[in-house]
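Colleague: Please find one structure pasted underneath; my questions will follow.
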Amino acid sequence: MLFQSFLIKYAEIGTKGKNRFLFEDALMKQIRHALKTVEGTFLVTKEFGRIYVDAKGDYDYEETVDALKQVFGIAWICPMFQTEEKDFTLLKKEVISYVEQVYPERKLTFKVDSRRADKKYPISSEQMNRDLGEAVLEAFPEMKVDVHHPQVLLKVEIRNLVNIYSVMIAGPGGMPVGTNGKAMLLLSGGIDSPVAGYMIAKRGVVLEAVYFHAPPYTSERAKQKVVDLAKLVSRYSGPIKLHVVNFTDIQLYIYEKCPHEELTIIMRRYMMRIAQTIAEETGCLALITGESIGQVASQTVQSLAATNEVCTMPVFRPVIGFDKQEIVDISEKIGTFETSIQPFEDCCTIFVAKHPVTKPNIRVIRSSETNLEEKIDGMVKTAIENREEILVS
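Under our numbering, residues 687 to 1079 are what the sequence shown spells out, in order.
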């Protein structure tokens, strides 16, 4: 196989100055993790401004590219040919061989873009562009030079080795996971929360997740659906510790003691309280939800203010301004949509009131919660202490 190596290009990491090596090392760690699922042996290394993935022996090219496309922090994946040959006459032959193998159909326009990271190399970048372009034209007369809009941009980099490449495959962008702390995702079985987790992980945040389970009103299959969604998100975020909280007794108690039109808001407030407590125990610095303004009764601005009031840590809502179709588009892109639409109800949908309040008054909600004072603290404590923890990867 011509491509035994990949040049990994990043974008934002390049702006990190003296701390850049920390972000590079985090990116390399995530690349190694992603490649564990791919057939083959890989060596991940770096030199200034460049990260390389070298395949040692046979490997699956398509699987490797797919794995790299799930690593946050990668801007471009460039399959490349590397050679130790720096003699310019022989280098011309290497470039011709590269074009011959990569472009069997050669009625194309091209441009050569050479760079000398090794400034001791005796030929200037401009001269290399001219001479290598001339060599390609002589070898393949059907090709034409176009310096403005070439179909093939042939890159030649003189470094410790010579890198030759022209194919650039888009990565997911973002920041390497592990470079921006840890947050707790409130993960339901719906479309929105997996997308929210994906979007925050893309900014370099490690994810943990909490799921509120309500047996027997929700089935084991509903729980498995959430585990499956966490597994799909973990392809991008890395391993996720999923905290499964039994919420049945709390929901029934709220149902018994509080006005039914306020059920959704009060239940949501207790979910936020529990999620924050678990987040504090596990070193998370923020909560993440999939809420979008106006999508349902519990997501009006007034409802969001009411649920937010019980939290002291930041609550990240990355899809807050998206409409449903925009969220669906992302879920389809990251592969969670088909799982999210499986018909297994989560605990929220079971206890929805016929006419839920859409503009809750926080003072009224607080007053209603006083009806719970006899038992609720102990029930919350029990639910947290008896939660199930599942490591999903």
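Backbone N, C-alpha and C fix where the C-beta goes; we use that ideal spot for every residue, glycine too.
What's the call for GLU948, buried or exposed, on a 16-neighbour Cβ count within 10 Å?
Modeller: buried
Colleague: Does LEU915 come out as helix, strand or coil in the three-state DSSP assignment?
Modeller: helix
Colleague: Return the Cβ separation of THR1025 and VAL1001 in integer angstroms, given the expectation that the two are a contact with Cβ distance under 8 Å.
Modeller: In this structure THR1025 does not touch VAL1001 by the C-beta definition: roughly 25 Å separates them, more than the 8 Å allowed.
Colleague: Measure the C-alpha to C-alpha separation of GLN962 and ASN1047 and round it to an integer number of angstroms.
Modeller: The alpha-carbon separation between GLN962 and ASN1047 amounts to approximately 22 Å.
Colleague: Specify the secondary structure class of ASP744 as computed by DSSP and reduced to three states.
Modeller: coil
Colleague: Say yes only if the C-beta of GLU749 is nearer than 7 Å to one or more non-hydrogen atoms of the ligand ATP, and no if none qualify.
Modeller: Ligands displayed in this structure: none; no statement on the ligand ATP is therefore possible.
Colleague: Can you tell me whether ASP740 is buried or exposed? The criterion is at least 16 other CB atoms within 10 Å of its CB, across all chains shown.
Modeller: exposed
Colleague: What distance in whole Å lies between the Cβ atoms of LYS943 and ASN1057, which are believed to be in contact at a cut-off of 8 Å?
Modeller: Under the criterion of beta carbons closer than 8 Å, ASN1057 and LYS943 qualify as touching, at roughly 4 Å.
Colleague: From LYS1067 to THR968, what distance separates their C-alpha atoms?
Modeller: 16 Å
Colleague: Out of ASP832, GLU770, GLY876, HIS899, which one is the CA nearest neighbour of PHE933?
Modeller: HIS899
Colleague: Enumerated in chain order, which unbroken segments of the alpha helix (DSSP H) with a length of 4 residues or greater are wholly contained in the segment 924-962?
Modeller: 934-943
Colleague: So THR769 and LEU847 are in contact, right, with Cβ under 8 Å, and what is the actual spacing, rounded?
Modeller: Right, their Cβ atoms sit about 7 Å apart.
Colleague: If you drop the 5 nearest sequence neighbours on each side, which residues of the same chain put their C-beta closer than 6 Å to that of ARG921?
Modeller: GLN756
Colleague: Out of curiosity, what's the CA-to-CA distance linking GLY1007 and ALA983?
Modeller: Each residue's alpha carbon lies about 16 Å from the other.
Colleague: Contact defined as beta carbons within less than 8 Å: I believe SER691 pairs with TYR747. What is the distance between those atoms, to the nearest angstrom?
Modeller: About 12 Å separates the two Cβ atoms, so there is no contact after all.
Colleague: Using the DSSP secondary-structure output, state which residues sit across from ARG816 in a beta bridge.
Modeller: DSSP lists no partner for ARG816.
Colleague: According to DSSP, ALA895 sits in a beta bridge with which residue or residues?
Modeller: LEU871, LEU928
Colleague: If you scan the segment 975-1029 from start to end, which runs of the alpha helix (DSSP H) of 4 or more residues do you find wholly inside it?
Modeller: 987-994, 1010-1020, 1023-1026
Colleague: Any chance you could list the beta strand (DSSP E) runs of at least 3 consecutive residues sitting entirely within the segment 795-871, in chain order?
Modeller: 795-802, 838-844, 848-851
Colleague: By alpha-carbon positions, which one of ARG792, PRO765, TYR884 ends up nearest to LYS841?
Modeller: PRO765
Colleague: Among all the DSSP beta bridges, which residues are the ones paired with CYS764?
Modeller: LEU693
Colleague: Could you give the C-beta distance for PRO862 and PHE709, rounded to a whole number, given that I count them as a contact under 8 Å?
Modeller: 6 Å
Colleague: Based on the DSSP output, what are the partners of LYS732 in its beta bridges?
Modeller: ILE737
Colleague: Out of curiosity, what's the CA-to-CA distance linking THR723 and ARG845?
Modeller: 31 Å
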